[in-house]
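The sequence shown begins at 856 in the numbering used here and counts up by one.
Shown next, in structure tokens, is the structure this report addresses.
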Amino acid sequence: MQTIVEVNSVEKSYGQTQVIHDCSFEIQEGEIYGLFGINGAGKTTLMKMILGLQQIDHGSIYVFGQEVSRSRAYLSNVGSVIETPVFYEHFSASELLAMHLCYMKKKANIAEVLQLVGLEDVKQKPIAKYSLGMKQRLGLARAIIHRPKLLLLDEPLNGLDPIAITEMRALMKKLTENGMAILLSSHIIEEIKHTADRAGILSGGYIKQEFSVAEKVSEYGEKFENYVIDNMRRT
């Protein structure tokens, strides 16, 4: 199985505050890797470093074998939804995705992707009239429209109702069937429990525990949440 992302002993500070300290993990082709952590643990910072949006102080990150500090060519095969998606809200979903494909210099079936994320009935509606959940879906559509091999999702289920959450989990699983790797960050344990193949607990700036989600759920049963919370708290 191909390694898609390699994070090697990465460190990152903002002024005198060190957010990431000696952090290492890998993401494999076709898997969903869940990144657990409380708010402020550094999950978003890690994702931004993988995308080349934040400078790495020490260590290295490789995506598709390319070191992110030396090249941006890998980004054509990466999709992401980081923090709250931002759009030109006077556009419709179809117009927005057409513009995105234009500057990515890619071609795709826009109607098919909007159907995939459940927005086919509102594709001509101005984005300004979308609910928060609909905007989350559109953010995902924009992230996958160019068929990336790596998808980074930062708290992707925020604002979604229970039915939409179930549909989104199924969609993420479907995307990995063709080899896409997904990095999914969350502070909500149930989200990663029901979605991720492997998970890492980010605490104190590094991955304190890394495990197969299915194996730990089988081992701990109803106490799985307690296991995760206990490791989040350790110093």
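By construction, the Cβ of each residue, glycine as well, lies at the ideal position given by its N, Cα and C atoms.
Query                                                                                                                                                    : Result
Just to check my reading of the structure: LEU1026 and ILE1037 have Cβ atoms closer than 8 Å, yes? What is that Cβ distance to the nearest angstrom?     : Not a contact, Cβ separation roughly 10 Å.
On a Cα-Cα basis, can you pick out the residue from ILE982, LEU1012, PHE1066 and ILE1020 that is closest to HIS1042?                                     : LEU1012
Is it true that the CB of GLY1060 sits closer than 7 Å to the CB of HIS876?                                                                              : yes
Short check: CB of GLY994 to CB of PRO940, under 7 Å?                                                                                                    : yes
Counting only runs of 4+ residues fully inside the stretch 938-995, write out the alpha helix (DSSP H) ranges in chain order.                            : 948-959 and 965-971
Count the C-beta pairs between the stretch 913-923 and the stretch 960-980 that are closer than 8 Å, then say yes if the count reaches three, no if not. : no
Which runs of the alpha helix (DSSP H) fall wholly inside the stretch 1022-1058 and span at least 4 residues, in chain order?                            : 1044-1048
Quick one: what's got a C-beta closer than 6 Å to MET856's C-beta in the same chain, skipping five residues either side?                                 : GLN883 and GLU884
Over what stretch of residues does the beta strand (DSSP E) that includes LEU1007 continue unbroken?                                                     : 1005-1009
State the Cα-Cα distance for the pair VAL862 and LEU901, rounded to the nearest angstrom.                                                                : 9 Å
What whole-angstrom Cβ distance do ILE999 and LEU952 have, given they're in contact under 8 Å?                                                           : ILE999 to LEU952, Cβ: 10 Å. No contact.
With a 10 Å radius around its C-beta and 16 neighbouring C-beta atoms as the bar for buried, classify TYR958 as buried or exposed.                       : exposed
DSSP on ILE916, reduced to helix/strand/coil?                                                                                                            : strand
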